[in-house]
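Reading the sequence shown from the start, the letters are residues 55 to 337 in this note's numbering. Worksheet for the structure shown next.
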Amino acid sequence: MRFRRVGVVGAGVIGSGVAQLFAQSGHDVALIDSSKAALQEARRTIANTLKMARLLDHNTHDVEQVIAHLHASTDLESLGNADFVIENVTEDWEIKRAIHARLHAVVRTDVPIAANTSAIPVTRFGSVGHHPQRVVGMHFMNPVPLMPMVEIIRGVHTSDETIAAARALVTEAGRESIVVADSPGFVTNRVMMLMVNEAMFLVHEGVASVPDIDRLFKTCFGHKMGPLETADLIGLDTVLKSIEVIYGELNDDKYRPCPLLRKLVYAGKHGRKTGKGFYEYEC
Ligand SMILES: NC(=O)c1ccc[n+]([C@@H]2O[C@H](COP(=O)([O-])OP(=O)(O)OC[C@H]3O[C@@H](n4cnc5c(N)ncnc54)[C@H](O)[C@@H]3O)[C@@H](O)[C@H]2O)c1
């Protein structure tokens, strides 16, 4: 194993999934978040997900063994011995910029730093530190432990060595990768965010109900989840931030956020993670 110690910064919806993926593939994971509550919740979610998977016979990971590979901390400085770092904090440029600036100071200069963002151009992250060639985009899909593919994004400065390192790390976790050029939303979210936002406009305009829109996509196109279920899974706050980034970067009206999306986010209805969004969930 080339990257024994993986640093995962941000323990929310996606960071906890990234931490689980690498812990269950035998890496030592330093999971960092500024919120102790988020770290506790991540640990609980990971243990529950693993127990549920065992019950359903989806995998044979030993819960205690996986948890033993996880080292939770609020201290970013503990990443000094990491072999690879993946940042997964809130989709907000100012928050991410500050974290990347600190990461450049804390981690060894030969260590790749990945930004896991839904839409922010990866080249921006490279511009934050003195070694932009080691910065790469790694877009993990939700739910991370179940998804076979990672979208890897090459920023303007990203070196071939860093791309090779990111692909090697993904392989170590038993996953595949596809490398794409830098663009707001990359390939997946440039299309997917547009689709979920447009589905919200259909609800907003009274064209069809939430369950009917989702059923149409599932039964007509064979999608596993409808667009509104997908939006709830991602987190409506993250969808709003992502579509705002793509809108701002491309300056194209087709990405203007649906007013209903804004209203739900302002109301604190962020989807699965808060128990309410387009649907209601048991927390
Ligand atoms: N949710 C998805 O489906 C999905 C998919 C792919 C990529 N992403 C991207 O991953 C990133 C995280 O998304 P999420 O859905 O997990 O968000 P989230 O809101 O669930 O979690 C964000 C976490 O970042 C932590 N955080 C915020 N500021 C911090 C700081 N200064 N230091 C340390 N931790 C800090 C928060 O406490 C929180 O636990 C975003 O950039 C998002 O666009 C999300």
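Where is the CB? At the ideal position from N, CA and C, for every residue including glycine.
{"Item": "Quick one: is D137 buried, meaning 16 or more other Cβ sit within 10 Å of its Cβ, or exposed?", "Value": "buried"}
{"Item": "State the start and end residues of the unbroken beta strand (DSSP E) segment that holds L192.", "Value": "The residue you asked about is not Leu; residue 192 is Met in the sequence shown. V189 to F194 is the span of the beta strand (DSSP E), which, as asked, contains M192."}
{"Item": "Among the residues of its own chain, which have a CB less than 8 Å from the CB of V72, if the five just before and after it don't count?", "Value": "V62, I140, N142, N170, F194 and V198"}
{"Item": "With burial defined as no fewer than 16 other Cβ atoms inside 10 Å of the residue's Cβ, what is the status of S79: buried or exposed?", "Value": "buried"}
{"Item": "Is T177 near ligand 1 - that is, is its Cβ less than 8 Å away from at least one heavy atom of it?", "Value": "no"}
{"Item": "In whole angstroms, what is the alpha-carbon distance linking M279 and G69?", "Value": "22 Å"}
{"Item": "Look at the Cβ atom of T216, then the Cβ atom of V189, and state whether they are nearer than 9 Å.", "Value": "yes"}
{"Item": "Look at the alpha carbon of M55 and the alpha carbon of V210, and state the distance between them as a whole number of angstroms.", "Value": "28 Å"}
{"Item": "So if DSSP puts S231 in a beta bridge, which residue, or which two residues, is it bridged to?", "Value": "V204"}
{"Item": "Per DSSP, what are the beta-bridge partners of D82 in this structure?", "Value": "R59"}
{"Item": "Specify whether the region 286-300 and the region 309-321 touch according to this definition: at least 3 beta carbon pairs, one from each stretch, less than 8 Å apart.", "Value": "yes"}
{"Item": "Where does I207 land, buried or exposed, given buried means 16+ other C-beta within 10 angstroms?", "Value": "buried"}
{"Item": "On a CA-only basis, which of P281, A218, A235 and N243 is nearest R269? Give me that one, please.", "Value": "P281"}
{"Item": "Once DSSP output is grouped into helix, strand and coil, what is the label at G69?", "Value": "helix"}
{"Item": "Is it buried or exposed for I267, if we count other Cβ within 10 angstroms and need 16 for buried?", "Value": "buried"}
{"Item": "If I measure Cβ to Cβ from G191 and keep anything under 6 Å in the same chain, skipping five residues before and after, which residues do I get?", "Value": "A169, V176 and I207"}
{"Item": "Does the Cβ-Cβ distance between S172 and G260 come in under 9 Å?", "Value": "no"}
{"Item": "Is the distance from the Cβ of A101 to the Cβ of V83 below 9 Å?", "Value": "no"}
{"Item": "Which of the three DSSP states, helix, strand or coil, is assigned to A258?", "Value": "Residue identity check: residue 258 is His in the sequence provided, not Ala. Three-state result, H258: helix."}
{"Item": "Kindly identify the DSSP beta-bridge partner or partners of F138.", "Value": "V60"}
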